[in-house]
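See below for the structure under consideration.
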Amino acid sequence: MTSSVASATPSTYDCIVIGGGHAGCSAALAAAEAGCTRVLIVEKAPEEWTGGNGYFTAGAFRSAHGGLEDLLPVVRNVTPEQVGNIDLDPYPVDQFEADIMRLAEGKSNKDLVHAVVQGSRGAIQWLASKVEVPFILSFHRQAYEIDGRQKFWGGLALAVDEGGKGLINADLRALKKAGIDLWYNCPAIRLVGNNQEIEGVVVRKDGAETVLLASGIVLAAGGYESSSAKRAEYMGEQWEFARVRGTPYNEGDGIEMARLVGARLTGDFGGCHSTCWDANAPADRGDRILSNQFTKSGYPLGVMINVQGERFVDEGEDFRNYTYAKFGRKILEQPGGVVFQVWGVDATALLRDAEYGDGIVQKITANSLEDLAEELTRIGLKEKTRFLSTLEGYNQAVRRFRTKNPDVRFDPAIKDGLSTLCDSSAAARQCPKSNWALPIDKGPFLAVKVACGITFTFGGLAIDPQTAGVISESGNVIPGLFCTGEMVGDLYHNNYPGGSGLTAGTVFGRLAGAELAKRVAAKVTP
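163 is the number that my numbering gives to position 155 of the sequence shown; each next residue is one higher, with no gaps.
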């Protein structure tokens, strides 16, 4: 069918949001709450792909908070009897900011980081009370039971019941309650206006291009991670082979539309949020049923070995929250872009069933390391002898450290210092492991094959941290154009603290919706 521009009088809205993921829903709901009466979300994907990348997450939200007592009012899964057995330290604003800046090696825009962190606790409260998001304490992902107590670790405590699915379902219920329309199969084609003012957007609806006018447009269309061509262009040819973790519809359309009206591109276009991902997962899209269960985050308890039989990262460098977004890249850089995660019997009981359970992942088990290596050669291991040598060297270093440091005890809820860093010869011979160095010398042994899963890209648009307004190449805010979610550039570089993406999308979505409502009010005020 040949597209044509509709000749009828354009429809007019207070607010149009491009992108129906969590960040876009936050913007639409905030605009309606602030007084916009005609709010519309246009979504490129069909309804069966509703929710964007948010649907595929674990539903984790990183927020500054004052500890357990501060979070109890927003969660639904803690009984009075449990309270006395939970250890959950405060996560202050300065620590949250420091974590983002530390992982970004100081490259992130400090004003953007400050805006996210300062707005994080209010965003959580708003989601819990206004959107009715079912928050829970993340016992299943962020706590270990130590001596009968639940000990939270890594600065992250909140999640959504049923993960990303539960989050998006709450968003959709809130949209319906607020009377906000969401049009599926309705890609945005181009913005109407220029860098002096944005007046609307052209969309393709029912095969025809249709002009929609609005007092403001919020861009929430995601990054370019689903386009293999754009990944290769911005990030390097090897990124063509990364597995797409979420929606297949984030192809950089929104960024290109904004660029064409003079928006400034900024941030780490060569960087992304990636992770250890099931090597047997679909290559070009997530799975709507298993979704985040393809994540393989148990590597701090074991080791990762490439097909040449070599370790390549310090699996115990930091808590998983602070390493998984960069270790995906490290996996992609290995021969063939795949590696093996390996554990001994001491660690397997601590692996999460949601990620490593029967029927979730192809598990290779054996009663001896020799048999394990032989089985792994059938699925890609090329250097069996080196694989065994690597594990023997690792185990020797673990034993040597324990002999010299008998008082150091394994504790997965803290950086326990249980390492292979015993002497210079051990460190020189192999890649060290700084924490949680359990021996891998008793079976049954377990291994799984993992690849790099890409979640979202870091390059995007420059925005005003106080309003979420898009900034032009000349440095001015473009009137009528706002941005939130994964399209925001210069917030993350190199790496990413887990759970902060959904929080940032909420914070900037709320700012965008509120600022857009001010434009509407100004236009109707006599």
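Ideal Cβ positions, reconstructed from N, Cα and C, are used throughout, including at glycine.
The structure displayed is predicted, hence computed values, not measured ones.
| query | How would you label R129, buried or exposed, when you count the other beta carbons within 10 angstroms and need 16 or more for buried? | reply | Taking the sequence shown and counting its residues from 1, the one referred to as residue 129 is at position 121. R129 is classed as buried because its beta carbon has at least 16 other beta carbons within 10 Å across all chains shown.
| field | Proximal residues to N403 (C-beta, below 8 Å), its chain only, five neighbours per side dropped | value | Residue 403 sits at position 395 when you count from the first residue of the sequence shown. When the five nearest sequence neighbours on each side are left out, the beta carbons in the same chain lying within less than 8 Å of the beta carbon of N403 are those of P447, I448 and D449, in order along the chain.
| message | Tell me which residue opens and which closes the beta strand (DSSP E) that Q158 is part of. | response | Taking the first residue of the sequence shown as position 1, residue 158 is located at position 150. R157 to F160 is the extent of the beta strand (DSSP E) around Q158.
| said: Is the beta carbon of A250 closer than 8 Å to that of S299? | reply: Mapped onto the sequence shown, residue 299 falls at position 291. Mapped onto the sequence shown, residue 250 falls at position 242. No, these two residues do not count as a Cβ contact at 8 Å.
| request: Have a look at A228, G513 and K115 and flag the residue whose alpha-carbon is nearest the alpha-carbon of P195. | output: One-based indexing of the sequence shown puts residue 195 at position 187. Per the Cα distances, A228.
| query | Just how far apart, CA to CA, sit F453 and W134? | reply | Along the sequence shown, read from residue 1 onward, the residue named residue 453 stands at position 445. Along the sequence shown, read from residue 1 onward, the residue named residue 134 stands at position 126. Rounded to the nearest angstrom, the gap between the Cα atoms of F453 and W134 is 46 Å.
| task | For G461, write down the residues that DSSP places opposite it in a beta bridge. | result | As a first step, residue 461 must be located in the sequence shown, where it is residue number 453. According to DSSP, G461 bridges with R251 and T283.
| task | Would you mind reading off the limits of the alpha helix (DSSP H) that contains Y402? | result | On the sequence shown, residue 402 is found 394 positions in, with the first residue counted as 1. Residues K392 to K412.
| query | To the nearest whole angstrom, what separates the beta carbons of V165 and L111, a pair I think is in contact under 8 Å? | reply | Numbered from 1 along the sequence shown, position 157 holds the residue referred to as residue 165. Numbered from 1 along the sequence shown, position 103 holds the residue referred to as residue 111. Reading off the sequence shown, one finds Ala at residue 165, where the question assumed Val. Contact between A165 and L111 does not hold, since their C-beta atoms are separated by about 18 Å, which reaches or exceeds 8 Å.
| task | With a 10 Å radius around its C-beta and 16 neighbouring C-beta atoms as the bar for buried, classify V83 as buried or exposed. | result | The residue you call residue 83 lines up with position 75 of the sequence shown. A buried status is given to V83, since no fewer than 16 other beta-carbon atoms sit within 10 Å of its beta-carbon.
| said: Using a Cβ-Cβ cutoff of less than 6 Å, which residues in the same chain neighbour T373 once the five nearest sequence positions on both sides are dropped? | reply: Position 365 of the sequence shown, counted from the start, is the residue given in the question as residue 373. Setting aside the 5 residues that flank it on each side, T373 is surrounded in the same chain by P452 and L454, each with a C-beta closer than 6 Å to its C-beta; the list follows chain order.
| request: Mark I297 as exposed unless 16 or more other C-beta atoms lie within 10 angstroms of its C-beta, in which case mark it buried. | output: For the purposes of this step, residue 297 is identified with residue 289 of the sequence shown, where counting begins at 1. Classification for I297: exposed.
| query | Per DSSP, what kind of secondary structure is V91 in: helix, strand or coil? | reply | Within the sequence shown, the letter at position 83 stands for residue 91. In this structure, V91 counts as helix in the three-state DSSP scheme.
| field | Straight-line gap, M9 to G215 (C-alpha atoms, nearest Å) | value | Residue numbering aside, residue 9 sits at position 1 when the sequence shown is read from its first letter. Residue numbering aside, residue 215 sits at position 207 when the sequence shown is read from its first letter. Residue placement at M9 is flagged as unreliable, the pLDDT there being 29, under the threshold of 50; a coordinate-derived value is accordingly withheld.
| From this set, Y232, G231, D415 and I197, which residue's C-alpha is nearest V219's C-alpha? | Position 211 of the sequence shown, counting from 1, holds the residue named residue 219. When only C-alpha atoms are compared, the closest one is I197.
| query | Taking the alpha-carbon positions, what's the A66 to S508 distance? | reply | Numbered from 1 along the sequence shown, position 58 holds the residue referred to as residue 66. Numbered from 1 along the sequence shown, position 500 holds the residue referred to as residue 508. For A66 and S508, the distance between alpha carbons rounds to 12 Å.
| message | Please return the same chain residues whose Cβ sits closer than 7 Å to the Cβ of V141, not counting the five positions on each side in sequence. | response | Numbered from its first residue, the sequence shown carries residue 141 at position 133. If the five residues before and after V141 are omitted, its C-beta is found closer than 7 Å to the C-beta atoms of L135, V168, L175 and A178, all from its own chain and listed in chain order.
| message | Which residue marks the beginning of the beta strand (DSSP E) containing N314, and which one marks its end? | response | Here residue 314 is taken as the residue at index 306 of the sequence shown, counted from 1. Counting along the chain, the beta strand (DSSP E) containing N314 begins and ends at V311 to N314.
| said: Need the endpoints of the beta strand (DSSP E) that Y152 sits in, please. | reply: Translated into the one-based positions of the sequence shown, residue 152 becomes position 144. Run containing Y152: A151 to I154, per the beta strand (DSSP E) assignment.
| Beta-carbon proximity check, G467 vs F277, cutoff 8 Å | Residue 467 sits at position 459 when you count from the first residue of the sequence shown. Residue 277 sits at position 269 when you count from the first residue of the sequence shown. Yes. Within cutoff.
| Beta-carbon spacing of L183, A36 below 8 Å | Taking the first residue of the sequence shown as 1, we reach residue 183 at position 175. Taking the first residue of the sequence shown as 1, we reach residue 36 at position 28. Cβ atoms of L183 and A36: closer than 8 Å.
| T274: which of S234, L469 and A476 sits nearest, CA to CA? | As a first step, residue 274 must be located in the sequence shown, where it is residue number 266. Checking every option, the nearest Cα to that of T274 belongs to L469.
| request: Would you mind giving the Cβ-Cβ distance between G162 and R328, rounded to the nearest angstrom? I have them listed as a contact below 8 Å. | output: Position 154 of the sequence shown, counted from the first residue, corresponds to residue 162. Position 320 of the sequence shown, counted from the first residue, corresponds to residue 328. So it is a contact: roughly 7 Å between Cβ atoms.
| request: Just mark F420 as buried or exposed, buried being the case when its beta carbon has 16 or more other beta carbons within 10 Å. | output: Here the question's residue 420 lines up with position 412 in the sequence shown. Going by the sequence as given, residue 420 is Pro instead of Phe. Classification for P420: buried.
| W134 lies in the alpha helix (DSSP H); which residues open and close that run? | For the purposes of this step, residue 134 is taken as the residue at position 126 of the sequence shown. K118 to W134 is the extent of the alpha helix (DSSP H) around W134.
| said: For V121 and V101, what's the separation of their Cα atoms in angstroms? | reply: Position 113 of the sequence shown, counting from 1, holds the residue named residue 121. Position 93 of the sequence shown, counting from 1, holds the residue named residue 101. So the alpha carbons of these two residues sit roughly 11 Å apart.
| Coil, strand or helix - K213 by DSSP | For this step, residue 213 is matched to residue 205 along the sequence shown. If DSSP states are grouped into helix, strand and coil, K213 belongs with the strands.
| query | For the stretch 310–370, which segments carrying the beta strand (DSSP E) assignment without a break, of at least 3 residues, lie completely within its bounds, in sequence order? | reply | Taking 3 residues as the minimum length, the beta strand (DSSP E) runs contained wholly in the stretch 310–370 are 311–314 and 346–351, in order along the chain.
| query | Taking just the CA atoms, how far does V456 sit from Q316? | reply | What you label residue 316 is simply residue 308 of the sequence shown in a count that begins at 1. What you label residue 456 is simply residue 448 of the sequence shown in a count that begins at 1. Q316 and V456: Cα-Cα distance of roughly 16 Å.
| task | Could you check the C-alpha separation between W247 and I49 for me, to the nearest Å? | result | Walking along the sequence shown from the start, residue 247 turns up at place 239. Walking along the sequence shown from the start, residue 49 turns up at place 41. The straight-line gap from Cα to Cα measures roughly 31 Å.
| said: With a threshold of 7 Å (Cβ to nearest heavy atom), would N288 be considered close to the ligand ZN? | reply: By its list of ligands, the structure shown contains no ligand whatsoever, and the ligand ZN lies outside what it can speak to.
| request: Would you tell me roughly how many angstroms separate the C-alpha atoms of E113 and D107, rounded to the nearest one? | output: In the sequence shown, the residue the question calls residue 113 occupies position 105. In the sequence shown, the residue the question calls residue 107 occupies position 99. Between E113 and D107, the alpha-carbon positions lie close to 10 Å from each other.
| task | Pull up the distance between the alpha-carbon of C460 and that of D155, whole angstroms please. | result | Numbered from its first residue, the sequence shown carries residue 460 at position 452. Numbered from its first residue, the sequence shown carries residue 155 at position 147. Inter-residue distance for C460 and D155 is about 35 Å (C-alpha atoms, whole angstroms).
| task | Could you tell me the distance, in whole angstroms, from the CA atom of E323 to the CA atom of E153? | result | If you number the sequence shown from 1, residue 323 lands on position 315. If you number the sequence shown from 1, residue 153 lands on position 145. The straight-line gap from Cα to Cα measures roughly 21 Å.
| field | Cβ neighbours of D498 in the same chain (closer than 7 Å, five flanking residues each side left out) | value | On the sequence shown, residue 498 is found 490 positions in, with the first residue counted as 1. Taking C-beta separations shorter than 7 Å and ignoring five residues to either side along the sequence, the partners of D498 in its chain run S116, N117, L120, T274, G275 and A470, following chain order.
| Where does C33 fall in DSSP's three states? | Numbered from its first residue, the sequence shown carries residue 33 at position 25. Helix.
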